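Asks: Under this note's numbering, think of the first position of the sequence shown as 33, with each following residue one higher.
Heads up, the beta-carbon is just placed ideally off N, CA and C, and yes, glycines get one too.
Since this is a predicted model, take the numbers as computed values, not measurements.
Could you have a look at this structure, given as structure tokens, before my questions?
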Amino acid sequence: MKKIILSIASVLMAATMMAQEADGTMNPLITAMPSLSIAPDARAAGLGDLGVATTADMNSQYWNAAKFAFHESHGGITANYTPWLRKLVTDIDLAHLEGFYKWDDLQGVGMSFTYFSMGDVALTDAYGQTIANCRPNEWALDASYYRKLHEYVSMGVVLRFLYSDLNNGISTSAEKMKAAWTMAADIDLYYKQPIDISLGTSYFSLGFCLQNLGGKMSYDEVTKNFIPANMRIGVGYELPFDNYNKLTFNLQADKLMVPSRKSRFTEGFDKDDSKTWTMSQDQYSQMSSVSGIFKSFADAPGGAAEEFKEVRWGAGLEYTYNRQFFARVGYSYENFYKGNRNYVTVGAGFHLSIVMLDVSYCIGLASSNPLDQTMRFTLGFDLAGIKDLVNNKK
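Put into structure tokens, the structure is as follows:
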């Protein structure tokens with residue numbers, strides 16, 4: 033049954049990554065809790081799944097909590113919903129709640145909760161007989177603290193609890209399975225500097241994030257899986273045309289800090305013999321999370337050229353009118369041999385002083401892309417705006 037349970041995670045990972053093993057050169061990075069790599073909010077999704085260096089918004093915690101220090105409001109809360117992989121299934125969903133509060137102009141705290149439901153799954157034994165039905169799920173709860181270190185620089189730290197339940201406690205007498213959990217942390221940096229130009233004041237931004245630095249997860253106390261530790265770096269430039277219209281350009285690079293099963297560190301590795309490239313499950317499980325992070329930058333059998341293929345790129349363009357109406361377009365690129373998540377995204381938003389509504393839509397470019405036609409929705413409320421409205425009524 034252990035193989036059956038683990039196959040649930042493998043199918044979801046494969047669907048998310050879309051890497052189709054056609055020859056011996058495929059080498060995608062597989063992790064536990066792949067749902068942590070799904071962009072939860074519609075704004076970031078509309079910009080090509082990027083957000084580490086975009087202007088501060090109420091969903092900054094997932095991408096870069098340090099951005100909250102530059103948010104003009106002193107508090108907000110959002111609800112995000114994504115019907116996931118609708119071209120394949122109808123009952124997989126991602127929900128994300130997030131909020132923040134600044135008690136002064138320099139510092140504050142944030143919280144978020146992410147829940148990923150994998151739908152109804154029939155569990156079978158080694159003979160193909162159905163044992164029971166279950167609803168596998170994963171969730172993460174985190175809290176952040178952020179502070180301005182300088183007029184242009186801020187920093188944030190996030191502490192996260194991760195939980196993954198693939199079998200709802202259902203097991204056999206021969207193989208005991210359990211829910212897996214671990215702790216992780218983020219380290220975030222954000223830089224935003226005004227630049228005076230003839231059209232007005234533009235802004236250059238730089239964002240950096242080390243995400244999900246933490247322990248491994250095990251469903252059986254034997255096999256240990258890496259979580260999706262990730263390094264993000266991005267730049268942005270906000271260009272005004274007048275007092276009402278502006279364009280914002282963003283570029284982001286993501287690198288999973290997860291070791292590959294096909295690795296130069298495999299025992300008995302021979303670069304000329306691909307049969308020696310795959311690391312045994314025992315060796316992979318015994319590798320520590322810290323060692324795995326460092327090895328992830330130099331373990332690809334193809335050397336530096338293959339390591340560079342593990343970088344996922346995103347580019348986005350956002351048009352803003354009067355800080356109320358938004359139109360977005362983005363592009364996400366991942367190398368064919370590392371997952372092949374290639375798609376164009378579009379999005380729109382409507383923001384008032386109290387409420388915000390964003391929506392995005394994904395257009396897959398790869399053949400048989402299960403992410404094609406994926407939509408995301410975000411509804412947010414500015415707590416400072418609500419407070420002002422209440423005070424005015426008084």
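Of the residues 262, 166 and 274, which one's Cα is nearest the Cα of residue 231?
Replies: As a first step, residue 231 must be located in the sequence shown, where it is residue number 199. Residue 274 is the option with its Cα nearest to residue 231.
Asks: Does the stretch 145–153 touch the stretch 168–178, meaning 3 or more C-beta pairs lie closer than 8 Å?
Replies: With the cut-off at 8 Å, the stretch 168–178 and the stretch 145–153 touch.
Asks: How would you call residue 357, buried or exposed, if buried means at least 16 neighbouring beta carbons within 10 angstroms?
Replies: On the sequence shown, residue 357 is found 325 positions in, with the first residue counted as 1. Classification of residue 357: exposed, given that the 10 Å Cβ count is below 16.
Asks: Between residue 93 and residue 151, is the Cβ-Cβ spacing less than 8 Å?
Replies: For this step, residue 93 is matched to residue 61 along the sequence shown. For this step, residue 151 is matched to residue 119 along the sequence shown. Contact flag unset, no.
Asks: Here's the rule I'm using: 16 or more other beta-carbon atoms within 10 Å means buried, otherwise exposed. How should residue 119 be labelled?
Replies: Taking the sequence shown and counting its residues from 1, the one referred to as residue 119 is at position 87. When all chains shown are included, residue 119 counts as exposed.
Asks: What is the DSSP secondary structure of residue 66, reduced to helix, strand or coil?
Replies: Position 34 of the sequence shown, counting from 1, holds the residue named residue 66. Correct three-state label for residue 66: helix.
Asks: Would a C-beta distance cut-off of 8 Å place residue 110 and residue 91 closer than the cut-off?
Replies: Numbered from 1 along the sequence shown, position 78 holds the residue referred to as residue 110. Numbered from 1 along the sequence shown, position 59 holds the residue referred to as residue 91. Yes, Cβ-Cβ distance for residue 110 and residue 91 is below 8 Å.
Asks: Can you round the beta-carbon distance between residue 73 and residue 408 to whole angstroms, since I take them to be within the 8 Å contact cut?
Replies: Numbered from 1 along the sequence shown, position 41 holds the residue referred to as residue 73. Numbered from 1 along the sequence shown, position 376 holds the residue referred to as residue 408. That pair is a contact at about 7 Å.
Asks: Would a C-beta distance cut-off of 8 Å place residue 259 and residue 79 closer than the cut-off?
Replies: Here the question's residue 259 lines up with position 227 in the sequence shown. Here the question's residue 79 lines up with position 47 in the sequence shown. No, the pair does not count as a contact, with Cβ atoms beyond the cut-off.
Asks: Among the residues of its own chain, which have a CB less than 8 Å from the CB of residue 55, if the five just before and after it don't count?
Replies: In the sequence shown, the residue the question calls residue 55 occupies position 23. Confidence in residue 55 is poor, its pLDDT being 41 and thus under 50, which makes the residue's placement unreliable; the coordinate value appears in the next sentence. For residue 55, where only same-chain residues beyond five positions count, there are no Cβ hits under 8 Å.
Asks: Would you tell me roughly how many angstroms separate the C-alpha atoms of residue 162 and residue 252, rounded to the nearest one?
Replies: Taking the sequence shown and counting its residues from 1, one reaches residue 162 at position 130. Taking the sequence shown and counting its residues from 1, one reaches residue 252 at position 220. Those two C-alpha atoms are separated by around 21 Å.
Asks: In the DSSP assignment, find the beta strand (DSSP E) that holds residue 190 and state where it starts and stops.
Replies: One-based indexing of the sequence shown puts residue 190 at position 158. Element bounds for residue 190: 185–197.
Asks: Whole angstroms are fine: how far does the CA of residue 140 sit from the CA of residue 379?
Replies: The count along the sequence shown starts at 1 and reaches residue 379 at position 347. The count along the sequence shown starts at 1 and reaches residue 140 at position 108. In a straight line, the C-alpha of residue 379 is about 29 Å away from that of residue 140.
Asks: Tell me whether the beta-carbon of residue 214 lies closer than 8 Å to the beta-carbon of residue 249.
Replies: Stepping through the sequence shown from its first residue, residue 214 is reached at position 182. Stepping through the sequence shown from its first residue, residue 249 is reached at position 217. Their beta carbons are under 8 Å apart, which means residue 214 touches residue 249 by this criterion.
Asks: Using the Cα positions of residue 391 and residue 324, report the straight-line distance between them to the nearest angstrom.
Replies: Here residue 391 corresponds to residue number 359 of the sequence shown, with the count starting at 1. Here residue 324 corresponds to residue number 292 of the sequence shown, with the count starting at 1. Computed Cα separation, rounded: 37 Å.
Asks: Would you mind giving the Cβ-Cβ distance between residue 338 and residue 332, rounded to the nearest angstrom? I have them listed as a contact below 8 Å.
Replies: For the purposes of this step, residue 338 is taken as residue 306 along the sequence shown, with counting starting at 1. For the purposes of this step, residue 332 is taken as residue 300 along the sequence shown, with counting starting at 1. About 4 Å; that satisfies the 8 Å criterion.
Asks: Using a Cβ-Cβ cut-off of 6 Å (strictly less than) and excluding sequence neighbours within five positions of residue 239, which residues of its own chain qualify?
Replies: What you label residue 239 is simply residue 207 of the sequence shown in a count that begins at 1. If we look at residue 239 and ignore the five residues flanking it on each side, its Cβ neighbours are 84, 85, 96, 222 and 266.
Asks: Determine the contact status of residue 255 and residue 270, defining contact as a CB-CB distance below 8 Å.
Replies: For this step, residue 255 is matched to residue 223 along the sequence shown. For this step, residue 270 is matched to residue 238 along the sequence shown. Their beta carbons are not under 8 Å apart, which means residue 255 does not touch residue 270 by this criterion.
Asks: What's the C-alpha gap between residue 108 and residue 127?
Replies: Position 76 of the sequence shown, counting from 1, holds the residue named residue 108. Position 95 of the sequence shown, counting from 1, holds the residue named residue 127. C-alpha separation (whole angstroms): 17 Å.
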